[in-house]
Ligand SMILES: C[S@@+](CC[C@H](N)C(=O)[O-])C[C@H]1O[C@@H](n2cnc3c(N)ncnc32)[C@H](O)[C@@H]1O
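Numbering (my numbering), first residue to last: 3 to 386.
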């Protein structure tokens with residue numbers, strides 16, 4: 003059994019934990035060597051065989067990356083760090099000469115110089131793999147996948163992890179072009195899961211931009227894994243098991259309901275709608291979404307009630323932006339007219355904006371993205 007860590011944006015830990023449970027993995031409380039148990043923010047620890055790591059990368063919708071915990075040990079001197087780093091089983095994950103990138107942070111530790119820590123860890127790896135340390139580069143050739151190694155020193159305890167994902171998991175491979183202010187795919191999935199959307203009910207996003215919410219919704223409703231159109235760092239590891247991976251990919255194609263409720267997405271910007279249609283086609287869910295170009299004031303849900311999950315424009319200095327306040331007030335009026343009895347979930351950087359809708363809402367999720375504190379507020383549009 004190995005220890006893994008599914009990292010995510012702050013506030014999304016509960017969703018990642020639920021997703022892991024759905025895959026059959028339970029959260030593990032980390033017991034650091036010689037130290038107390040620790041629950042970490044920014045992600046969820048879990049244990050399993052290699053298949054757990056493969057499944058998590060393929061299926062997790064709200065995690066940013068999955069790390070393999072290679073070792074946790076006490077290191078208060080460089081010689082101790084070098085010795086312990088050298089004892090780790092690097093040969094399972096790195097081929098000699100493979101380009102690596104180290105991300106080192108030091109916090110309240112005797113070893114506080116991150117550059118010197120990186121040097122000692124690199125020397126430990128090079129010694130273990132039986133090669134001189136210059137052969138390991140910190141910036142590899144552009145065409146070779148660079149293995150990210152994460153070293154955290156906190157209170158003289160060193161945790162060394164390998165990134166198993168490669169590109170961050172929000173890069174599903176379907177969104178080449180982004181419209182204005184596109185939402186990260188992981189956050190779009192988090193909005194859907196936090197909104198309480200019943201995947202067999204209609205869904206509407208009247209500010210769809212590049213289509214992220216609708217596309218993530220279709221993947222969710224059809225039971226398709228978000229990572230099916232991309233590669234992962236673990237497939238380059240010497241211990242990679244291609245047969246197990248093929249089996250997991252094979253299982254993934256067997257799931258999913260035959261029928262699905264309507265997913266509608268619209269935006270007033272013709273370019274955005276064009277991009278959204280292309281993105282949905284690349285994601286393989288083009289047929290599952292009805293896209294249209296229209297202002298939100300012209301929305302006409304096909305059926306209902308269902309869910310409106312959306313990310314309208316939000317300014318940073320909201321209190322000074324009268325136009326935005328008007329937009330949210332108008333949105334409230336449109337929803338009362340067109341979507342009575344629907345559930346709504348609206349993402350915004352300022353709850354004062356959502357309150358302009360005149361529909362009672364409560365916080366369903368708080369997180370940070372792009373340097374902003376964001377809140378998803380959910381509620382129910384009153385019946386006519
Ligand atoms: C924050 S972006 C949404 C981004 C989207 N979630 C994505 O992932 O790409 C807001 C979108 O609202 C659209 N928009 C602004 N005013 C609108 C209006 N009156 N009616 C419909 N869409 C509007 C913009 O064109 C923009 O695409």
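Glycine is no exception: its CB is placed at the ideal position from the N, C-alpha and C atoms.
Check                                                                                                          : Outcome
Residue 16 (DSSP reduced to helix, strand or coil)                                                             : helix
Meets three-Cβ-pair contact criterion under 8 Å: the stretch 90-97 and the stretch 119-133                     : yes
Touch test, the stretch 334-348 against the stretch 238-252, Cβ-Cβ under 8 Å, three pairs minimum              : no
Residue 211 vs residue 183 beta-carbon contact at 8 Å                                                          : yes
Ligand 1 heavy atom lying under 7 Å from the CB of residue 341                                                 : no
Contact test: residue 64 Cβ vs ligand 1 heavy atom, cutoff 7 Å                                                 : no
Extent of the continuous alpha helix (DSSP H) to which residue 26 belongs                                      : Here residue 26 belongs to no alpha helix (DSSP H), and DSSP marks it neither H nor E.
Where residue 385 sits in the DSSP three-state scheme                                                          : coil
Residue interval of the beta strand (DSSP E) (run including residue 72)                                        : 67-76
Reduced DSSP secondary structure (H/G/I, E/B, other) of residue 186                                            : coil
Classification of residue 358 by the beta-carbon crowding that lies within 10 angstroms, buried from 16 upward : buried
Boundaries (first-last residue) of the alpha helix (DSSP H) holding residue 324                                : 324-340
Buried versus exposed call for residue 326 [16 or more other C-beta atoms within 10 Å across all chains shown] : buried
For residue 102 and residue 29, believed in contact at Cβ under 8 Å, the rounded distance                      : With a Cβ gap of about 29 Å, residue 29 and residue 102 do not count as contacting.
From 253, 72, 107, 381, residue whose alpha carbon lies closest to that of residue 91                          : 72
Supposed close pair residue 368, residue 186 - CB separation, criterion 8 Å                                    : 15 Å between Cβ atoms; not a contact.
Inter-residue Cα distance where the pair is residue 199 and residue 309                                        : 6 Å
Contacting residues, own chain, Cβ-Cβ under 6 Å from residue 275 (five flanking each side not counted)         : 269, 293, 295
Residue interval of the alpha helix (DSSP H) (run including residue 367)                                       : Unbroken run through residue 367 is the beta strand (DSSP E), 363-371; no alpha helix (DSSP H).
Candidates 189, 273, 267, 55, of which the one nearest residue 289 by Cα                                       : 267
Pick from 194, 376, 70, 338 that is closest to residue 355, judged by C-alpha positions                        : 376
CB-CB length for residue 191 against residue 64, believed under 8 Å                                            : 5 Å
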